[in-house]
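*Asks:*
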Amino acid sequence: MIRDGGLVGLPTDTVYGLAADATSDAAVAGVFRAKGRPAEKPLIALVATMVMAEACGEFAAPALSLAEAFWPGPLTVVLPRAACSPLSPLVHQGAPGVSLRIPGNETARAVVEAAGRPLTAPSANPSGAPSPLTAAEVAAGLGAHVALIIDGGRAADSLGSTLLDLTGDVPRLLRAGVVSAAAIESVIGPIERAV
Numbered sequence: 016m017i018r019d020g021g022l023v024g025l026p027t028d029t030v031y032g033l034a035a036d037a038t039s040d041a042a043v044a045g046v047f048r049a050k051g052r053p054a055e056k057p058l059i060a061l062v063a064t065m066v067m068a069e070a071c072g073e074f075a076a077p078a079l080s081l082a083e084a085f086w087p088g089p090l091t092v093v094l095p096r097a098a099c100s101p102l103s104p105l106v107h108q109g110a111p112g113v114s115l116r117i118p119g120n121e122t123a124r125a126v127v128e129a130a131g132r133p134l135t136a137p138s139a140n141p142s143g144a145p146s147p148l149t150a151a152e153v154a155a156g157l158g159a160h161v162a163l164i165i166d167g168g169r170a171a172d173s174l175g176s177t178l179l180d181l182t183g184d185v186p187r188l189l190r191a192g193v194v195s196a197a198a199i200e201s202v203i204g205p206i207e208r209a210v
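Per my numbering, the sequence shown starts with residue 16, numbered consecutively.
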C-alpha cells in the first residue's frame, strides 16, 4: 500500500503515525491533505538503517554519536540534506536540513524495512487535534484517508520524539520529548534550548 502511494496508520516510538512514502511527492502531499497540515511545516522521515539515513542526511561526528546512543529510538535529528537525498522536496519544504529517525518501535521499523525506502510518519491526527494513542483514535480522526491501520496496542508515550537541530554551529533543541536534554548533553556536550 505504501509503495502504491497509500497512507498507513501505525504505532511509532511515541504515538501513532501516518506513514507514507517519503520519496514520493504525491504520497507526501497526501499526508499534508489528510492532516490539514500547514504546507510550510516540514515532516520527519523514518529510516530503517544507518545506510538509509546516510543517503538522506550528512552525518558529522555529533550526529553519529547520538545515533549510536539513541537509535533505534525517539530522538529525531535535523541534519544537512545529503546531495543525492531520495526524499521528496515536500518533506523538508525547501529547508536545508532533513529530520531523520530510526524508530525503536519494531512494527514501524519493520514497515520501513519492507517498504525499502524512507517513510514520513507525523502523528496520525488532524492538525491541532490530540495525538492518537490507539488504532481506534487513528480511525476516528483520519479513517477516511488511510488505506490501512496497523493495531499495535496502546502507544507507549503521549510525548513526541525529541527534535534536535544539528545543522548549525551549536546543537539546538527544537522540541522536548522522550529523550531528555540532559541525556543528549551527556553524549555531545552543551546544547542550546529553544524550548
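Built from N, CA and C at the ideal position, the CB exists for glycine as well.
Owing to the predicted nature of the structure, the values given are computational and were not obtained by experimental measurement.
Got a sec, what are the start and stop residues for the alpha helix (DSSP H) SER80 sits in?
*Replies:* Taking the first residue of the sequence shown as position 1, residue 80 is located at position 65. Segment 76–85, the alpha helix (DSSP H) holding SER80.
*Asks:* Is GLY256 buried or exposed, if buried means 16 or more other CB atoms sit within 10 Å of its CB?
*Replies:* The chain is shown from 16 up to 210; residue 256 falls before or after that span and cannot be answered.
*Asks:* Could you name each continuous alpha helix (DSSP H) segment of 4 residues or more that falls completely within the stretch 73–147, going from the start of the chain to the end?
*Replies:* List check, alpha helix (DSSP H) in window: 76–85, 104–107 and 121–130.
*Asks:* Would SER146 and VAL30 qualify as a contact pair, given that the criterion is a beta-carbon distance under 8 Å?
*Replies:* Taking the first residue of the sequence shown as 1, we reach residue 146 at position 131. Taking the first residue of the sequence shown as 1, we reach residue 30 at position 15. Yes, the pair counts as a contact, with Cβ atoms nearer than the cut-off.
*Asks:* Does PRO111 pass the burial test, meaning 16 or more other C-beta atoms within 10 Å, or should it be called exposed?
*Replies:* As a position in the sequence shown, residue 111 is number 96, starting the count at 1. Answer is exposed; the Cβ neighbour count stays below 16.
*Asks:* Starting from the C-beta of LEU189, find all residues in its chain whose C-beta is less than 8 Å away, skip the five residues before and the five after it, and write them out in chain order.
*Replies:* Translated into positions along the sequence shown, residue 189 becomes position 174. So the qualifying residues of the chain are VAL93, LEU178, LEU179, ASP180, ALA209 and VAL210.
*Asks:* With DSSP as the reference, please indicate the residues paired to PRO26 in a beta bridge.
*Replies:* Residue 26 sits at position 11 when you count from the first residue of the sequence shown. For PRO26, which the question treats as bridged, DSSP gives the partners TYR31.
*Asks:* Please state whether the Cβ-Cβ distance between LEU174 and VAL193 is less than 8 Å.
*Replies:* The count along the sequence shown starts at 1 and reaches residue 174 at position 159. The count along the sequence shown starts at 1 and reaches residue 193 at position 178. Yes, they are a contact pair.
*Asks:* Starting from ILE59 and walking both ways along the beta strand (DSSP E), at which residues does that stretch end?
*Replies:* One-based indexing of the sequence shown puts residue 59 at position 44. Element bounds for ILE59: 59–61.
*Asks:* How big is the Cα-Cα spacing for PRO186 and GLY21?
*Replies:* On the sequence shown, residue 186 is found 171 positions in, with the first residue counted as 1. On the sequence shown, residue 21 is found 6 positions in, with the first residue counted as 1. Taking the straight line from one Cα to the other gives about 35 Å.
*Asks:* Determine, using beta carbons only, whether ALA49 and LEU157 come nearer to each other than 8 Å.
*Replies:* The count along the sequence shown starts at 1 and reaches residue 49 at position 34. The count along the sequence shown starts at 1 and reaches residue 157 at position 142. Closer than 8 Å, so yes.
*Asks:* Helix, strand or coil for ILE199, going by three-state DSSP, please let me know.
*Replies:* The count along the sequence shown starts at 1 and reaches residue 199 at position 184. Helix at ILE199.
*Asks:* Is the beta carbon of GLY51 less than 8 Å from the beta carbon of ALA35?
*Replies:* Looking up residue 51 in the sequence shown gives position 36. Looking up residue 35 in the sequence shown gives position 20. Not a contact, by the Cβ cut-off of 8 Å.
*Asks:* In three-state terms, what does DSSP make of GLU55?
*Replies:* The residue labelled residue 55 in the question sits at position 40 within the sequence shown. Coil at GLU55, not helix or strand.
*Asks:* Should LEU33 be labelled buried (16 or more other beta-carbon atoms within 10 Å of its own) or exposed?
*Replies:* Here the question's residue 33 lines up with position 18 in the sequence shown. Looking at its Cβ environment, which holds 16 or more other Cβ atoms inside 10 Å, LEU33 is buried.
*Asks:* Among ALA159, ALA84 and ALA54, whose alpha-carbon lies nearest the alpha-carbon of GLY109?
*Replies:* As a first step, residue 109 is located in the sequence shown; it is residue number 94 there, counting from the start. Nearest C-alpha to GLY109: ALA54.
*Asks:* How should ASP184 be labelled, buried or exposed, when 16 other C-beta atoms within 10 angstroms of its C-beta is the threshold for buried?
*Replies:* Here residue 184 is taken as the residue at index 169 of the sequence shown, counted from 1. The residue is exposed, with fewer than 16 neighbouring Cβ atoms inside 10 Å.
*Asks:* The alpha helix (DSSP H) with LEU157 in it runs from where to where?
*Replies:* Along the sequence shown, one-based indexing puts residue 157 at 142. Its alpha helix (DSSP H) spans residues 150–157.
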